[in-house]
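Enquirer: Sequential numbering from 22 applies to the sequence shown in the numbering used here.
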Amino acid sequence: MRVAHHINLVDAAKEITNKSTLAEWEKGKDNLSWCKVIALLFNIHVQPMEFLENTVSSHLYFSIQDIADAYGANNIKQLKAI
């Protein structure tokens, strides 16, 4: 969403976190508090509801797809990991 709004990491992270942490969070490799996420959203001119509608639904879709794939392959180990 940040890239779609043509906002760089430095401007998006300004006064909230550093650009490295933001980059890692965007890749799903780091965690941020919900308060920081909301502040970041305002930095990139995105409403929290827009973020939830666009991000959480796609995350759920891929999670469900992972579950379906593991179930179809009868991969109990993968199902437990999910």
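Virtual Cβ for every residue (Gly too), placed ideally from N, Cα, C.
1. Tell me which same chain residues have a C-beta within less than 8 Å of the C-beta of residue 88, skipping the five on either side of it?
2. What do you reckon, are the CB atoms on residue 65 and residue 37 nearer than 8 Å?
3. Which same chain residues, not among the five before or five after residue 84, have their C-beta less than 8 Å away from its C-beta?
4. Have a look at residue 71 and residue 55 and give me their C-alpha separation to the nearest angstrom.
5. May I have the straight-line CA-CA distance separating residue 33 from residue 95, to the nearest angstrom?
Expert: Quick look at the numbers:
1. 100 and 103
2. Cβ atoms of residue 65 and residue 37: not closer than 8 Å.
3. 103
4. 15 Å
5. Residue 33 and residue 95: Cα-Cα distance of roughly 43 Å.
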